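To convert a position in the sequence shown, counted from 1, into the numbering used here, add 75.
Beta carbons: idealized from backbone N, C-alpha and C, even for Gly.
Only a predicted model underlies this, so the values are computations on that prediction, with no experimental measurement involved.
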Amino acid sequence: MTVRYRVDLSEAERGELHALTGGGRQAVRKVKRAQILLAADAGHSDEAIAATVAVGTATVHRTRRRFVEGNLDEALAERPRPGASRKLSGKEEALLVATACSAAPEGCSRWTLDLLAGALVQLTEHDGLSRETVRRRLAENDLKPWRKDMWCVPHVGAEYVARMEDVLDLYAEAPDPARPVVCFDESSTQLIG
76 MTVRYRVDLS
86 EAERGELHAL
96 TGGGRQAVRK
106 VKRAQILLAA
116 DAGHSDEAIA
126 ATVAVGTATV
136 HRTRRRFVEG
146 NLDEALAERP
156 RPGASRKLSG
166 KEEALLVATA
176 CSAAPEGCSR
186 WTLDLLAGAL
196 VQLTEHDGLS
206 RETVRRRLAE
216 NDLKPWRKDM
226 WCVPHVGAEY
236 VARMEDVLDL
246 YAEAPDPARP
256 VVCFDESSTQ
266 LIG
């Protein structure tokens with residue numbers, strides 16, 4: 076038999092959930108969890124809530140349980156998804172891009188995924204990288220080194236790498252409201268205020 080978790084919201088929690096569902100830009104999953112908690116507080120069954128909010132009954136049960144065993148923030152928050160973490164850091168990805176945009180190794184007419192994976196293993200502390208990891212990172216950066224028309228760095232030297240690392244370190248810093256980082260790279264955005 077499944078344990079039924081009873082949701083009793085305080086006035087403050089109810090107000091917060093109504094504000095969350097009432098408008099503004101929020102993640103869809105967070106809004107749905109808020110709708111589930113409001114409906115559960117009103118006394119609706121899991122099946123009725125699932126049909127109204129367009130989720131499964133397991134999602135309703137899980138949201139109720141997270142609220143009762145934890146708190147409102149825990150019930151609304153997105154938990155980390157399962158899966159392996161990224162193999163390449165930001166600096167290593169930048170190194171991959173720079174390598175892919177450099178001249179192919181001697182004896183080769185172009186870079187292949189296997190060649191790039193091998194080159195990155197030599198340049199980093201990785202024991203091995205799969206060609207699929209390289210393919211995904213290149214696809215994310217919209218790079219196709221096997222094509223002739225592409226954006227390339229003319230010369231990847233020590234000065235280029237040092238400047239690239241300075242920029243990547245800046246982007247990796249924790250956000251500071253007193254010192255915002257604004258990127259003017261290729262986007263036409265009107266800054267007001």
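Give the single residue among Asp-217, Ser-120, Glu-215 and Leu-171 whose Cα lies nearest to the Cα of Gln-197. Leu-171
Note to self: As a quick exercise: from Glu-200, Ala-169 and Val-130, pick the residue whose alpha carbon is nearest that of Ala-247.
What the structure shows: Ala-169
Requested in this report: Report yes if the CB atom of Ala-123 is closer than 7 Å to the CB atom of Thr-138, and no otherwise.
Outcome: no
Cβ distance (whole Å) where Val-143 is taken to contact Asp-116 below 8 Å: Contact flag wrong, Cβ pair sits at about 12 Å.
Do Ala-126 and Thr-132 have their C-beta atoms closer together than 7 Å?
no
* Do you know whose CA, among Asp-251, Gly-98 and Leu-92, lies nearest Ala-114's CA? -> Leu-92
- Answer with buried or exposed for Val-257, where buried requires no fewer than 16 other C-beta atoms within 10 angstroms of its C-beta. exposed
- request: Check each candidate in Glu-200, Ala-102, Pro-155 and Leu-112 and name the one with the smallest Cα separation from Leu-147.
  value: Leu-112
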